[in-house]
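Working notes for the structure below.
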Amino acid sequence: MADASNANPQGVERLGYLGLGLMGAPMTRRLLKAGYQVSVWNRSEGKLAPLVAEGARRAIAPRDVLANSDIVFMCVTDAAAVEEVIFGAQGLAAAPGAGKLVVDFSSIHPDAARDLATRLKAANGAGLIDAPVSGGTKGAEDGTLAIMAGGDAGDIQRVRPYVLAMARRFTHMGPTGAGQTTKLCNQVIVGCAMAVLAEATRLAVNAGIDASRLPEALAGGFADSIPLQLFVPRMAQGIHSPPLGHIATMLKDLDTVADVAQTTSTPVPMASLAGQIFRLAKAARGADADALEIYKLSAAER
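Numbers given in this note's numbering equal positions in the sequence shown, counted from 1, plus 125.
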């Protein structure tokens, strides 16, 4: 563990954040509002300015974030992006990392998480925690995210107070890769829920009832859930900006579910069907469309 006395003047550890997209920007904002020193970097410069204006410190490259931080958080698109941020020419691995930690909020294959952790430790001594998140952009803004983590127990405890400035729940699920496996279980449930709720919403609309009242009508019953309360009104009212998540992201995760299911001999018929529905949605609506636009696949042609 890094000596807190060598961190910042408040006696807490210096933080960094890489990747200021739909999730990273609001999560970084919560760290800033909690009073932490945060160095930031993003591949596209335009997303840096608002956070720098709110007190974040601009870094030129990922390696500079680690050089000026004790704990670095990151949330990027996929395993290829994680690879580049860590092992690219100006990546995290190029900076001294002994005693430092990298917490990866990205959703990637569990095998990739284990490989990255091993290679980073060998490259510069930094530890890596895989800690994918659930709760979407609203959870990131409100600090209500659920974060599931894989890694060393001592490392988890070290980062816990900082993570809980961004999340409501932070659960250690086991060794490296366990966080990613837990996120896949989450995505089985969420991906299937989106597909099923799209069906229920369309049935309500086609049968002539007010679909936006389904959450109210079903509250407290067996069908009630956070997805019901959050997703159905957005589907029924056509609210897709800002997106809760991109179609491509959900499809990536469901494809990873299918791969892990194959290697573990796990039948996942419902998740496989949801994956194909999202593949259709990607073709019809585009990779960057809101995942809830799967509802539009069943719209009658006019």
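For each residue, glycine too, the CB sits at the ideal point set by N, CA and C.
Check                                                                                                                                                       : Outcome
Would you tell me roughly how many angstroms separate the C-alpha atoms of residue 362 and residue 319, rounded to the nearest one?                         : 15 Å
Just the C-alpha distance for residue 223 and residue 242, rounded to the nearest angstrom, thanks.                                                         : 13 Å
Per the contact definition of three or more C-beta pairs closer than 8 Å, is the segment 233-251 in contact with the segment 179-187?                       : no
Would you say residue 148 and residue 200 are within 8 Å of each other, going by their C-beta atoms?                                                        : yes
Per DSSP, which one or two residues make a beta bridge with residue 259?                                                                                    : 271
Where does the unbroken beta strand (DSSP E) through residue 196 begin, and where does it stop?                                                             : 196-199
Please determine, among 315, 187, 204 and 364, the residue with the shortest C-alpha to C-alpha distance to residue 196.                                    : 187
When you compare the segment 148-158 with the segment 280-297, are there three or more beta-carbon pairs, one atom per stretch, that lie closer than 8 Å?   : yes
Who are the near neighbours of residue 131 in its chain, counting only those whose CB is closer than 8 Å to its CB and skipping five residues on each side? : Residue placement at residue 131 is flagged as unreliable, the pLDDT there being 40, under the threshold of 50; a coordinate-derived value is accordingly withheld.
What is the C-beta distance between residue 369 and residue 400, in whole angstroms, given that I count them as a contact (C-beta under 8 Å)?               : Their Cβ separation, rounded to whole angstroms, is 18 Å, which puts residue 369 and residue 400 out of contact at 8 Å.
Quick one: residues in its chain with C-beta nearer than 8 Å to the C-beta of residue 268, no 5 flanking neighbours on either side, listed in chain order?  : 155, 290, 291, 292 and 293
Taking residue 164 as part of the beta strand (DSSP E), name the residues at either end of that continuous run.                                             : 163-166
Who does residue 372 pair with in a DSSP beta bridge?                                                                                                       : The partner list for residue 372 (beta bridge, DSSP) is empty, contrary to what the question assumes.
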